[in-house]
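Residue numbering for the sequence shown follows this note's numbering, beginning at 44 and increasing consecutively. We put the CB at the ideal spot given by N, CA and C, even for glycine. From a predicted model like this one, the values you see are computed outputs, not experimental measurements.
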Amino acid sequence: ARVRERNGSSPADAAAIVYLLGTTLESCGGSGGDDTVQLWTVMALLKMVESSAIICSREGVEGANFTSSELPALRVAWKYVWKVLFRYDLRYASYTSGAHGNNVGELVLQLLTQII
């Protein structure tokens, strides 16, 4: 039997997913936003950090070598998420002040740590 090699997601596919999750954070992050949507979006982004690391590894990009010429769409998508998390009019930064086990604040802190 012939086995086909599976390459996984392309950097552009991962960038699109990260960007869409970022827009979900932005649209649901205000004071009237749904806490459950925020929680699951941050959890999905945590999983995408892992996927992005695998894609970067597969593309030969490691750590600080992630330059603007390599995987630009993925880099821009993560910069957008970072920007959304620190917007003063959204709740994500304020969640971190009262972070405790199994809440959005803890997950936001984990996400910020993983993005770095």
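{"Item": "Cβ-based burial, Y131 [other Cβ within 10 Å; buried from 16]", "Value": "exposed"}
{"Item": "Span separating the alpha-carbon of S53 from that of I98", "Value": "7 angstroms"}
{"Item": "Three-state secondary structure (DSSP) of S100", "Value": "helix"}
{"Item": "Alpha helix (DSSP H) segment containing T156, residue limits", "Value": "V147 to I158"}
{"Item": "Neighbourhood of M86 by C-beta distance below 8 angstroms, restricted to the same chain and skipping five residues each side", "Value": "L150"}
{"Item": "Inter-residue Cα distance where the pair is E102 and A59", "Value": "17 angstroms"}
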